[in-house]
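Written below as C-alpha cells is the structure these notes are about.
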Amino acid sequence: MINHEGRLKAAFDSGVFVLKLCGDVRLTLCATLDRQARQLAETPGLETLIIDLRDTTNVDSTALGFLAKVAIAVQGRVTERPTIIADNSDVRRMLDVMGFSRIFTLVESPITETCELRELPEVPTDVEETRQRVLEAHRILMRLNEHNREEFQPLVEMLEAQEAASHNH
C-alpha cells in the first residue's frame, strides 16, 4: 500500500535547493513549509530553487500558498526564477490557473536528477497557528491573480471574521 500521507523532502547541494513534496500535501504540513521558507530566505549561497511535485497526489490551496511564499522568500536572492517540476496534467493546470507561472518556471522533467533527499521533520502546529497559516496562504494566492482573488475571498473573509471573534473573547 502506498503511503498517501503528505511528506516533504529536501536537499541542498552546491547552490541548488530541492524541495520535494510527496503524497497528499495539506495544511498540516504548512508549518514545515513555512519554516523552510524562512530558512531559505537566509540560506547563504542559494542560487537555484526547485520544487518537485512529481510524487504528489494532491496539494491543497493552503500548501500552494506556502509554495508561493517560498518562491517569494527567495526572490532577488536566486539567479533565476524558482522551478516547479510537475508532470501531472491536473497539477499543471491547477498551477496555471493559480497564476504560478508568474513566480515559477513550470517544467515537466528536471534538468538534472538531484542528490539524496532527506525527509524534513514535520513541525507541529496548533489549531490557532494553522488558521493563521491558512489565512496567510490564501492572502498570498489572492495577490497572484484575479481568479484566486475571487475564488478565495469568501474563505479569507470567513477566517478573518473567526479571527476577530476569537480575539474578542
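Residue numbers (our numbering): 579 to 747.
In this text, a Cβ means the ideal position worked out from N, Cα and C, and glycines have one as well.
Between which two residues does the alpha helix (DSSP H) harbouring residue i extend?
i, result
"leucine 642", "639-652"
"methionine 672", "667-675"
"proline 732", "724-746"
From the DSSP secondary-structure annotation, give me the bridge partner or partners of residue i.
i, result
"isoleucine 662", "Ile629, Leu684"
"leucine 599", "Leu586"
"valine 594", "Asp591, Thr626"
Consult DSSP for residue i and reduce its assignment to one of helix, strand or coil.
i, result
"glutamate 697", "strand"
"asparagine 636", "strand"
"glutamate 620", "coil"
"valine 705", "helix"
"threonine 606", "helix"
"valine 656", "coil"
Quick check on residue i: buried or exposed, where buried means 16 or more other Cβ atoms within 10 Å of its Cβ?
i, result
"valine 705", "exposed"
"histidine 716", "buried"
"proline 660", "buried"
"arginine 711", "buried"
"leucine 720", "Here residue 720 turns out to be methionine, not leucine, going by the sequence shown. The residue in question, methionine 720, is buried, as its Cβ has 16 or more Cβ neighbours within 10 Å."
"methionine 676", "buried"
"alanine 646", "buried"
"alanine 742", "exposed"
"aspartate 668", "exposed"
"asparagine 746", "exposed"
"glutamine 614", "buried"
Can you tell me whether residue i sits near the ligand MN, meaning its C-beta is under 8 Å from at least one heavy atom of the ligand?
i, result
"glycine 584", "Although the ligand MN was asked about, the structure shown includes no ligands whatsoever."
Measuring CB to CB, does residue i end up less than 9 Å from residue j?
i, j, result
"glycine 584", "valine 596", "no"
"arginine 670", "glutamate 686", "yes"
"alanine 649", "arginine 616", "no"
"threonine 703", "cysteine 608", "yes"
"isoleucine 629", "leucine 599", "yes"
"glycine 654", "glutamate 625", "no"
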